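Residue numbers (full-length UniProt numbering): 1 to 997.
Virtual Cβ for every residue (Gly too), placed ideally from N, Cα, C.
Model, not experiment: these values are computed from the prediction.
Inspection log for the structure reproduced underneath, given as structure tokens.
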């Protein structure tokens with residue numbers, strides 16, 4: 001057969017190969033092109049030799065049927081490169097080594113002709129490709145079976161499973177994280193193990209279908225228990241997004257809830273968590289180690305435990321010795337009570353002799369419901385009278401029963417005993433899920449619940465924060481519209497509900513009062529029914545007037561820190577009863593306003609003043625029905641938004657964008673100094689962002705800057721007037737932050753409260769002085785004013801970290817992740833089901849009890865499940881229950897003892913002295929190098945130090961506190977602005993310097 005031609009048409013940018021037909025020699029099926037024949041052979045999984053294919057080549061007639069074409073697109077911008085690449089793809093479809101030098105020469109010939117083709121302007125100048133060359137290409141494509149004989153069967157992969165998994169990871173644009181891949185690999189290995197067990201037991205091994213895994217709740221044969229989600233009607237303002245077509249139309253919509261009461265019901269039946277839901281008030285003096293030591297827990301009647309169990313018996317308030325309350329003190333369970341003698345007078349009427357003062361006793365002394373001899377060994381100051389003349393306290397103890405004291409009767413309706421009772425306080429968190437993104441689209445208001453009795457490290461874990469609901473603002477929902485529904489559930493918990501308790505292995509009466517609600521300041525205003533940005537009285541705690549419209553000549557710094565009249569729950573009640581906020585007045589408020597605020601203004605009408613108190617009408621008024629909740633006291637100042645994202649953000653942005661604006665030398669200097677802190681081991685993470693991006697910093701960035709920036713400004717920029725001026729409020733702010741970001745105060749709590757309150761006052765005054773200097777208004781903001789209320793919040797609820805919102809903000813990230821995989825048609829329902837499935841699966845895996853919906857009886861997972869999970873141990877929990885999705889602690893309070901960290905330590909055999917040092921490595925072992933201290937400056941929160949040649953083994957010392965040490969060519973300093981270190985150093989000042997005298 002003569003030579004035919006393969007031509008490259010430059011104008012069309014394509015390679016055209018004309019052909020007649022190709023016939024499969026095995027099945028005689030005709031294919032119009034060589035490509036189709038190859039696909040046909042591959043589909044039949046047939047290995048065809050070179051000779052088999054070339055037998056059909058004589059049927060080729062290149063010029064007879066020009067319509068049969070194989071086309072390769074070529075990008076016109078780089079025709080030569082892509083043309084060569086297309087031909088390479090044809091030649092190197094299999095392994096070129098097997099073809100030897102003939103294929104190499106063929107490739108060279110084709111490339112040469114391709115280059116000439118592209119450079120040629122005339123079609124008549126196009127080179128031709130001999131048909132023998134086309135036949136060589138056919139031989140090349142068809143001879144794959146011969147080539148692979150010299151290679152490993154799964155080359156270049158180790159085996160077929162590697163190919164499958166590599167295709168799973170890199171085959172398309174479905175992204176997969178390291179944690180997810182780890183989880184998948186663990187799952188595959190686990191399934192292999194289960195398959196092996198099934199084969200050994202000759203049992204069926206069958207994987208569930210995808211639909212079953214994703215939507216088992218819709219399967220009528222499903223036996224996996226579901227979280228008891230509740231659907232309620234909520235009144236909303238519809239928008240066009242809902243399809244109503246009328247913006248602002250009022251309508252009702254279904255909203256799904258996983259109520260706090262249902263979460264509590266499951267937790268009480270959970271063997272891992274049931275013991276961490278209730279605790280006695282702790283009256284240990286002058287310390288703050290838990291929320292049980294706060295004022296509300298100790299004083300509010302709803303938080304007092306009505307019953308204790310000791311020596312195998314139940315004892316209630318009002319029982320033996322007329323118990324007033326149970327509590328802890330110095331880790332000892334105690335109760336206070338009045339001694340009572342029961343008798344009769346001369347006429348036979350009952351007579352009660354009651355001791356006039358109460359006496360503390362240990363709970364372990366309780367032995368009988370009658371008066372034991374121990375109570376008669378104490379001196380008696382008796383108050384004798386009849387029932388009618390008893391004071392209210394004595395009368396209530398003697399003749400009134402506690403509200404949680406409910407009798408149990410047998411089948412014959414005979415009294416047996418009282419049902420046990422548990423007090424399990426809860427806390428709510430609410431926020432929008434926008435994160436640091438724009439707040440105009442895709443905003444969801446979320447509600448979470450947690451149980452504050454849990455220790456701090458346990459409460460701040462993902463698995464102990466529970467999803468209640470989330471609704472879309474774009475769909476017309478608002479947080480306040482959910483409050484009436486939530487308030488009903490919270491009220492039922494406050495009034496007590498019967499639940500099963502694994503601790504007592506029986507049904508108990510459960511009371512769950514609301515401790516506090518945490519959220520940002522804007523949501524706080526909504527929850528208490530206040531105008532936020534537009535009000536003249538924006539503070540939810542007091543009638544502090546906004547002074548942003550006034551000149552600094554009208555008031556001084558003392559006016560900013562003076563005490564204002566307090567708002568009360570009764571004030572909020574009065575405001576809630578007036579939907580117009582114009583008809584009713586709040587008694588006793590106006591005189592205080594006249595005296596304190598109006599001396600700077602013109603005379604105003606009383607009605608307009610009361611209207612301007614800032615109350616708004618929202619559905620959040622339903623929270624006022626809760627006796628355990630006071631909107632004026634139980635929405636504490638949240639330090640993440642008030643300190644880190646409040647005052648610190650104001651100062652940082654002003655420093656970077658105003659003070660240092662245009663001064664490149666100072667900007668570079670500050671950036672370099674911050675860059676040096678990246679190598680510090682004294683923080684769990686370091687500052688790594690560019691200063692020019694300060695407007696988009698998150699709370700974690702501001703927390704780091706609060707601890708390192710003031711020390712740099714005071715030491716390196718002391719000669720710059722503008723920088724030194726802003727360094728003063730920076731230092732005060734960061735001293736306050738060092739005091740606030742602590743997990744516990746184990747001694748001198750009263751002094752701690754005083755220091756925090758004084759520092760807050762100094763900060764406000766320092767901001768006022770800077771405002772006058774720089775013509776700013778930082779001291780007049782609401783967040784600055786709220787710092788003055790921190791002392792009472794810490795006293796009422798414990799350390800400020802107990803009511804911070806950072807962990808709730810991190811939970812919102814999981815909500816956003818779930819929304820990414822939602823079609824947004826029923827996002828509220830989808831979120832509820834997803835988080836409900838998570839909680840229920842964790843509950844089942846923990847060996848907990850639940851109510852089976854088909855039999856209405858208590859059940860738990862089967863013995864096979866329990867044995868398997870026990871065999872897997874912590875690996876199963878780590879891979880499936882959130883090891884890689886745990887909350888991150890960005891407070892930098894505690895770090896691991898590794899090389900390079902700075903510590904305060906004492907000798908284990910003599911804790912009266914304290915030393916400072918750095919952990920170093922010597923002879924492959926960790927030890928501490930001692931530093932000598934000098935030149936303390938508590939106003940700047942720094943202490944000078946100098947390294948010594950003394951070293952101690954870690955085994956011989958006790959680590960007391962973590963520090964941050966800095967050094968430069970001029971001075972080495974201890975930076976006491978690291979969270980927790982300032983209070984520790986002030987409290988132990990003489991323990992540090994006794995050695996150096």
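Residue 211 in three-state terms, based on DSSP:
helix
DSSP puts residue 251 in a beta bridge; with which residues?
236
Exposure of residue 27, with buried meaning 16 or more beta-carbon neighbours within 10 Å:
In this structure residue 27 is exposed. Its beta-carbon is surrounded by fewer than 16 other beta-carbon atoms within 10 angstroms.
Three or more beta-carbon pairs under 8 Å between the segment 711-720 and the segment 629-642, yes or no?
no
Residue 755 and residue 739 closer than 8 Å at C-beta
In this structure, residue 739 lies closer than 8 Å to residue 755 by Cβ.
Residue 275 versus residue 503 - alpha carbon distance
7 Å
According to DSSP, is residue 931 part of a helix, a strand, or is it coil?
In this structure, residue 931 counts as strand in the three-state DSSP scheme.
Whole-angstrom Cβ separation of residue 792 and residue 288, contact assumed at under 8 Å?
With 8 Å as the limit, residue 792 and residue 288 do not qualify as a contact, their Cβ atoms being about 14 Å apart.
Give me, in chain order, the residues of the same chain whose beta-carbon lies closer than 7 Å to that of residue 560; leave out the 5 immediate sequence neighbours on both sides.
764, 768 and 779
Below 8 Å between beta carbons: does that hold for residue 464 and residue 454?
yes
Which of the three DSSP states is assigned to residue 188 in this structure?
Three-state result, residue 188: helix.
Assuming residue 417 is part of the beta strand (DSSP E), what are its boundary residues?
415-418
Measuring only the C-alpha atoms, how far is residue 993 from residue 761?
29 Å
Quick test of your reading: residue 405 and residue 301, contact by CB under 8 Å. State the CB separation rounded to the nearest angstrom.
Taking a contact as a CB-CB distance under 8 Å, the pair residue 405 and residue 301 does not count as one, their CB atoms being some 14 Å apart.
Proximity below 8 Å, CB of residue 547 to CB of residue 261:
no
Please determine if the segment 721-738 and the segment 860-876 are in contact, where contact requires at least 3 C-beta pairs separated by less than 8 Å.
no
For residue 625 and residue 746, I'd like the C-alpha separation in whole angstroms.
36 Å
Within its chain, find whatever has a CB closer than 7 Å to the CB of residue 325; leave out the 5 residues flanking it on each side and keep chain order.
304, 317, 335 and 336
Alpha-carbon to alpha-carbon, residue 964 and residue 331:
Roughly 34 Å separates the two Cα atoms.
Counting only the same chain and skipping the five closest in sequence on each side, list residues whose C-beta sits under 6 Å from that of residue 646.
783
Under 6 Å Cβ to Cβ from residue 860, same chain only, skipping five residues before and after it: list those, please.
849
Do residue 642 and residue 428 have their C-beta atoms within less than 8 Å of each other?
no
Verify whether the separation of the beta carbon atoms of residue 268 and residue 500 is less than 8 Å.
yes
Quick check on residue 1049: buried or exposed, where buried means 16 or more other Cβ atoms within 10 Å of its Cβ?
Because the chain spans 1 through 997 in this model, residue 1049 falls outside it and cannot be assessed.
What is the C-beta distance between residue 951 and residue 927, in whole angstroms, given that I count them as a contact (C-beta under 8 Å)?
5 Å
So what does DSSP say about residue 427, is it helix, strand or coil?
strand
In angstroms, rounded to a whole number, what distance separates the CA positions of residue 700 and residue 205?
48 Å
Rounded C-alpha distance that separates residue 1010 from residue 339:
An answer regarding residue 1010 cannot be provided, because it is not within the stretch 1 to 997 covered by the chain.
Should residue 254 go down as buried or exposed, given a rule of 16 or more other Cβ atoms within 10 Å for buried?
exposed
To the nearest angstrom, how far is the alpha carbon of residue 822 from that of residue 264?
28 Å
Residue 651 versus residue 698: straight-line alpha-carbon distance, rounded
15 Å
Test item: CB-CB of residue 916 and residue 681 under 8 Å:
Not closer than 8 Å, so no.
Please report the residue range of the alpha helix (DSSP H) in which residue 702 lies.
699-716
Residues near residue 525 in its chain [Cβ-Cβ closer than 6 Å; skip 5 each side]:
532
So, residue 271 versus residue 846, is the Cβ gap smaller than 8 Å?
Yes. Within cutoff.
How many Å lie between residue 297 and residue 797 at the Cα?
Take the alpha-carbon of residue 297 and the one of residue 797: they are about 8 Å apart.
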